[in-house]
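Working notes, beginning with the structure itself.
Protein chains: 2
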Amino acid sequence: MELRTLRYFVAVAEELHFGRAATRLHMSQPPLSRAIKQLEADVGALLFARSPAGVTLTPVGTVLLDEARALLDHADRVRVRVSAAAGAATITVGILGDGTDPGVSRLAAAYRRNHPGIDIHIRDTDLTDPTCGLRAGLVDVALTRAPFDETALTVRTLRTDPVGVVLRADDPLARRDRLRLAELSDRRWFQFPQDTDPSWQSYWNGGTPREGPVVRAVQECLQAVLWNGTVGLAPLGHDLPAELAVVPLTDMVPSRVVAVWNEGDTNPLIRSFIEIATAAYRR
Amino acid sequence: MELRTLRYFVAVAEELHFGRAATRLHMSQPPLSRAIKQLEADVGALLFARSPAGVTLTPVGTVLLDEARALLDHADRVRVRVSAAAGAATITVGILGDGTDPGVSRLAAAYRRNHPGIDIHIRDTDLTDPTCGLRAGLVDVALTRAPFDETALTVRTLRTDPVGVVLRADDPLARRDRLRLAELSDRRWFQFPQDTDPSWQSYWNGGTPREGPVVRAVQECLQAVLWNGTVGLAPLGHDLPAELAVVPLTDMVPSRVVAVWNEGDTNPLIRSFIEIATAAYRR
DNA sequence: AGCGCCGATACGCCGTAGGTATCGTTGCAG
DNA sequence: CTGCAACGATACCTACGGCGTATCGGCGCT
């Protein structure tokens, strides 16, 4: 009789419908049916009367529903009390550009739900530091993009995005539905400042050093495309102003959204953040 | 934060020693260490201060210890209340011979611990019915030995025992450390009564029909060996009177201790019994 | 009588819990 | 000061179980 199983049971008992309960639990119906059956074997009594007309709670099920709700509430209170005992703590999260992802806010919400007393400081950095201040000790964990120098860091991939090229909408190549890097070799490209991580710089240049304006932030990038006619690479799936177009690149290794933290960091809050991030990006 | 994890935590907190706690939990130390680490990530705080001098609870750990104990107690009470609501029920268990196994009493104890309100009726049967009255509708579940006619029954193997031959201690063959069936072909063997399950009868005759006295119970078997000089097969590992010896047989397929119930039986008490039996025999 | 709804079953995959072996640190003894 | 023993952490592997997809089966409704 684990808490997870009881949460399943409460969902079914409230919906009185396995399919809907499964949807609510973000799972499919068969494993839910099985879990309930196992719970019935565990407590030694039928909890639901299944009939084609519908699902009903048995008397024992009614009792368990009350008990399970109380127990789950109790468990929630345990979490709160332990968090309170842990006291006010802070973690600082570095984020690349102006929000690598729409998922970041979801993640922050999920984390705050798990650890209500913990302050989350977000440190938004420009594109010149792929570790978002982690190396400099300014943040505890970074949500960013690979690749970069990983020595003394631990990296977990959260998602991979195909990469496209950003062009002016009136660029002749902008109408193409896909492109290869070679077709852009005569263009001007972005540069990051001199001291930027080399593999990071190299990645966004498509593997070969390029000439072009120095940029530091996403907006600078886009402006450079608009005004200087340079090209730039960007992961697909972001909104762009109408004057810009993005064309998928077929021969570019996809961009990885990653979480990074210091190798050997034992802070449970950081570990927890990583786990929640992994789960949040899984769907 | 599942109940299982909290039980681990309480064990470590009480022992203040990972190795001893693991022993108490019937597991090994590494997965316990890992589980605690995951719990720490889950609640977002270190629970133990590990130092070579020993393990100590952190302040947060102290709080969680109280809370976890309370929650686990609550969970136990939930079980009790649900069992009470299920009311008095009875399951009847058929057992072969005079207790197939020393594990049976352990099993009954474990079952009673899980389902305090449930009466367990034990029906002890002789060797002539391998289903122990299940076919006749006299019991809900049987702890017995395979093989037998399994139509409309579901069988789960709990354990397998090598089989030996039972001989008088003064029998010339009794000194051998192992035997083959062929070396016993000129002997008299047991018979079960006419209407006994054929594959059951055949199994205990080593696959070929034999001549010999009809027996119904284990004691009759042993007496027949003593007084008639017949041979009989028996799973190894049982105590025998000093006048009898058992010699392992090399070419006999091992005997399986099984739990059997009616195919499609949906009674959760029976399902529960099966699960508890499986777990009880696992170690 | 046929179709549709819905829970149960079958089956394959993968994540994770648990096992064994080993390491790293630290305190202690010779 | 240099093994050595104790003990938790880590690495790696295996196996079981939880979840998904596909499908079945039973009852109700038109």
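Chain order of the listed sequences is P and Z. For the first sequence, my numbering gives the first residue as 229, with consecutive numbering after it. For the second sequence, my numbering gives the first residue as 229, with consecutive numbering after it. A virtual CB, placed ideally from N, CA and C, is assigned to each residue, including glycine.
DSSP assignment within the stretch 342-370 of chain P yields the following whole beta strand (DSSP E) runs of 3 residues or more, N-terminal first: 346-353. In the DSSP annotation of this structure, the continuous segment of the alpha helix (DSSP H) that includes proline 258 of chain P starts and ends at 257-271.
The beta carbon of aspartate 467 of chain P sits closer than 8 Å to no other beta carbon from its chain once the five residues preceding and following it are set aside.
Within its own chain, the residues whose Cβ lies closer than 7 Å to the Cβ of tyrosine 236 of chain Z, once the five positions on either side in sequence are excluded, are Leu253, Leu260, Ala263, Ile264, listed in chain order. It is roughly 7 Å from the alpha-carbon of tyrosine 509 of chain P to the alpha-carbon of arginine 387 of chain P. Taken through DSSP and simplified to helix, strand or coil, alanine 487 of chain P comes out as strand. If the five residues before and after leucine 324 of chain Z are omitted, its C-beta is found closer than 8 Å to the C-beta atoms of Thr353, Leu355, Pro358, Cys360, Ala370, Leu371, Thr372, Arg373, all from its own chain and listed in chain order. 8 Å or more divides the Cβ of alanine 296 of chain Z from the Cβ of valine 332 of chain Z. A straight-line Cα-Cα distance of about 54 Å links valine 459 of chain P and histidine 245 of chain P.
Scanning chain P for C-beta atoms nearer than 8 Å to the C-beta of proline 344 of chain Z yields nothing, as the closest lies near 10 Å away.
Note on aspartate 270 of chain P: 16 or more other CB atoms within 10 angstroms of its CB, so buried under the neighbour-count rule.
Using a Cβ distance threshold of 8 Å, proline 482 of chain P and valine 391 of chain P count as a contacting pair. Taking 9 Å as the cut-off between beta carbons, the residues of the stretch 268-285 of chain P near chain Z are Glu268, Ala269, Asp270, Val271, Gly272, Ala273, Leu274, Leu275, in sequence order.
Secondary structure note for alanine 445 of chain P: it is in no beta strand (DSSP E), with a DSSP letter that is neither H nor E. With respect to chain Z, the C-beta atom of glutamate 503 of chain P has a partner C-beta closer than 8 Å. Glycine 460 of chain Z carries a strand assignment under DSSP once its states are collapsed to helix, strand and coil. Going by beta carbons, valine 488 of chain P and valine 321 of chain P fall outside the 8 Å limit. Proximity of leucine 293 of chain P to chain Z, defined by a Cβ-Cβ separation below 8 Å, is not satisfied.
Scanning its chain for C-beta atoms nearer than 6 Å, with the 5 sequence neighbours on each side dropped, one finds around methionine 480 of chain P the residues Val391, in chain order. Using a C-beta cut-off of 8 Å, the stretch 339-349 of chain Z makes contact with the stretch 307-322 of chain Z, since at least three inter-stretch Cβ pairs fall below that distance.
Against chain Z, the beta carbon of valine 310 of chain P has neighbours under 8 Å at Val271, Ala273, Val288, Val291, Leu292, Glu295, listed in chain order.
Beyond the five residues adjoining it in sequence on each side, aspartate 405 of chain Z comes within less than 8 Å, by CB distance, of Val475, Pro476 in the same chain, given in chain order. Taking one beta carbon from each stretch, the stretch 489-505 of chain P and the stretch 407-421 of chain P have fewer than 3 pairs nearer than 8 Å; the two do not touch. A distance below 8 Å between beta-carbons, with the five flanking residues on each side excluded, links glutamate 491 of chain P to the following residues of its chain, in chain order: Ala380, Leu381, Thr382. Within chain P, no C-beta atom comes less than 7 Å from the C-beta of histidine 254 of chain Z; the nearest is roughly 18 Å away.
When 9 Å is used as the limit between beta carbons, glutamate 242 of chain Z is near no residue of chain P, the shortest such separation being about 18 Å. Along the length of the stretch 269-307 of chain Z, whole beta strand (DSSP E) runs at least 3 residues long occupy 276-279, 282-285, reported in chain order. Annotated as distal: alanine 249 of chain Z and serine 256 of chain Z, with beta-carbon spacing of 8 Å or more. Counting along the chain, the unbroken beta strand (DSSP E) around leucine 386 of chain P starts and ends at 381-389. A contact between stretches requires three or more CB pairs, one per stretch, nearer than 8 Å, and the stretch 444-462 of chain Z meets this requirement with the stretch 412-422 of chain Z.
Of the residues assessed, asparagine 433 of chain P falls on the buried side of the cut-off, its CB having 16 or more other CB atoms within 10 angstroms.
Within the same chain, Cβ atoms closer than 7 Å to the Cβ of serine 311 of chain P are found at His343, Pro344, Gly345, the five residues on either side in sequence being excluded.
At least one CB atom of chain Z sits nearer than 8 Å to the CB of proline 496 of chain P. Beyond the five residues adjoining it in sequence on each side, leucine 412 of chain P comes within less than 8 Å, by CB distance, of Val393, Leu401, Gly434, Val459 in the same chain, given in chain order. Straight-line measurement puts the Cα of glutamine 266 of chain P at about 22 Å from the Cα of valine 367 of chain Z. Around the beta carbon of glutamine 422 of chain Z, fewer than 16 other beta carbons lie within 10 angstroms, which makes this residue exposed.
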